[in-house]
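Protein chains in written order, with this note's numbering: chain A, 1 to 117; chain B, 1001 to 1111.
We treat Cβ as the ideally placed atom computed from N, Cα and C, and that holds for glycine.
Working notes, structure below.
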């Protein structure tokens, strides 16, 4: 399998549930990202991992907890979510070379459509 | 806060027409990318521009990066129904890989 794979594709959960989103990339990349896509809002960067280390937490509420056990896998653990957290959650990966001035594109999965009831 | 404003927000045109989508910011970026997203899928990269004034062509799509590297445009010639989708610009400042995305332009091309 190639590219970036996200599971599940759809998830409906109650506000008291705990669930996890999974992302796997088969591209050999060293950076992985979680983005949130809501209606009428730009794609919002949530978390960035580079070589399994979290390098960015874009003021995301603690009810979202990321985990990156290795360069190929990324999880987003969800607990006590709110209805406004309903959105499409996109995982992406890229290759980050050392130094500045690089232009590596993002490779996205097809997302998990999350509905919080 | 860095923002990328795209215009227009929505565009519905007939097959064969030309169109231009704009991506504007007050910030300077080291690179800018354009993505297209179709329903039920993630965004897919179309092009990366890195030099001020750069023009890149991808079949019927022409991309331009502003001289000051603050804005970009995407021009589609003779649009086709297959061009339908959400067009997103994205940019990162020098030395970071924190991409911010524009507000998006939703294009519908009618046959």
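- Cβ-Cβ distances below 8 Å link residue 1099 (chain B) to 1033, 1090, 1091 and 1092 in the same chain, with the five nearest sequence neighbours on each side left out; the list follows chain order.
- Fully enclosed beta strand (DSSP E) runs of no fewer than 3 residues occupy 1044 to 1049 and 1055 to 1058 of the region 1033 to 1063 of chain B, in order along the chain.
- Between residue 82 (chain A) and the set A:95, A:12 and A:69, the nearest pair of CA atoms involves A:12.
- At a Cβ-Cβ threshold of 9 Å, residue 1104 (chain B) and residue 1086 (chain B) count as neighbours.
- Residue 1071 (chain B) carries a strand assignment under DSSP once its states are collapsed to helix, strand and coil.
- Rounded to whole angstroms, residue 30 (chain A) and residue 109 (chain A) show a C-alpha spacing of 16 Å.
- Flagged as an interface residue toward chain B: residue 110 (chain A), by a C-beta distance shorter than 9 Å.
- Look at the region 39 to 68 of chain A: the residues with a C-beta under 7 Å from a C-beta of chain B are 42, 43, 45, 48 and 56.
- For the pair residue 1040 (chain B) and residue 111 (chain A), the Cα-to-Cα distance works out to about 8 Å.
- For residue 17 (chain A), the closest C-alpha among the options A:9, A:79 and A:95 is that of A:79.
- Only buried fits residue 36 (chain A), as 16 or more other CB atoms lie within 10 angstroms of its CB.
- Counting only the Cα atoms, residue 20 (chain A) lies some 9 Å from residue 65 (chain A).
- About 11 Å separates the beta carbons of residue 1035 (chain B) and residue 1074 (chain B), which is beyond the 8 Å limit, so they are not a contact pair.
- With respect to the C-alpha of residue 1045 (chain B), the residue from A:94, A:115, A:117 and A:114 having the closest C-alpha is A:94.
- Within the region 64 to 96 of chain A, the complete beta strand (DSSP E) segments at least 3 residues long are 64 to 70, 73 to 79 and 87 to 94, listed from N- to C-terminus.
- Boundaries of the beta strand (DSSP E) harbouring residue 112 (chain A): 112 to 116, taken from the DSSP string.
- Short of 7 Å from the beta carbon of residue 89 (chain A), and not among the five residues preceding or following it, lie these beta carbons of its own chain, in chain order: 21, 34, 36, 76, 111, 112 and 114.
- If you ignore the 5 residues before and after residue 1043 (chain B), its C-beta comes within less than 6 Å of the C-beta of 1035, 1037 and 1088, all in its own chain and listed in chain order.
- Contact check for residue 1004 (chain B) against residue 1025 (chain B) passes: the beta carbons are separated by less than 9 Å.
- The distance from the Cβ of residue 4 (chain A) to that of residue 87 (chain A) is about 18 Å, inconsistent with a contact at the 8 Å cut-off.
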